[in-house]
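In my numbering, the protein residues as written are 576 to 755.
The structure is reproduced here in structure tokens:
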């Protein structure tokens, strides 16, 4: 964690480029670090709690994210890799495991017969629905355990978090809808 500037350094160089003060910049970095930490802990807690409370859920998160991406439409491995921001060979390995499990299948690509598109099977759709319902139940239970004020604060933060997710997605890439 970077150290905060001392008051003497802030007074000798009160602004950074764009008119932002050193103290404002340090506060922005501290907020970003706190948000990153909370999001990381929230993702980890949700993943581990779902497997503890719903032991049937054993799919690795990377495979779940591929299923979520494919729920909208079949895609080529290269398209999946770009959307997930993973190497194509990594996605090929994940797709292989999903093929073995019967959650996806290969379909001829009508635009290019040399390539195949990966599509969810009915079993894949069902696995994804079950996974989503388990997460929704877990999240609903956790929200109910909060005080009313904390629950309302979390819900009020959602629009800003959605905008933050869009800002992090970057131009030209589809928004990540994988959840936590």
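Don't be surprised by glycine CBs; every beta carbon is placed ideally from N, CA and C. Values in this document were obtained by computation on a predicted structure and should not be read as measured data.
- Within the same chain, 638 come within 7 Å of residue 672 by CB-CB distance, once the 5 residues on both sides are set aside.
- For residue 744, the uninterrupted alpha helix (DSSP H) segment begins and ends at 723 to 744.
- DSSP places residue 696 in the coil class of the three-state scheme, outside both helix and strand.
- Note that the region 724 to 731 does not touch the region 658 to 678; fewer than 3 beta-carbon pairs, one per stretch, sit closer than 8 Å.
- Within 10 angstroms of the beta-carbon of residue 610 lie fewer than 16 other beta-carbons, which makes it exposed.
- Distances from the CA of residue 698 to each of 605, 600, 642 and 635 were compared; the closest alpha carbon is that of 642.
- Ranked by how close their Cα comes to the Cα of residue 744, the residues 734, 660 and 652 have 660 in first place.
- When the beta-carbon positions are compared, residue 649 and residue 688 stay at least 8 Å from each other.
- DSSP places residue 683 within a strand segment (E or B) once states are collapsed to three.
- Note on residue 708: under 16 other CB atoms within 10 angstroms of its CB, so exposed under the neighbour-count rule.
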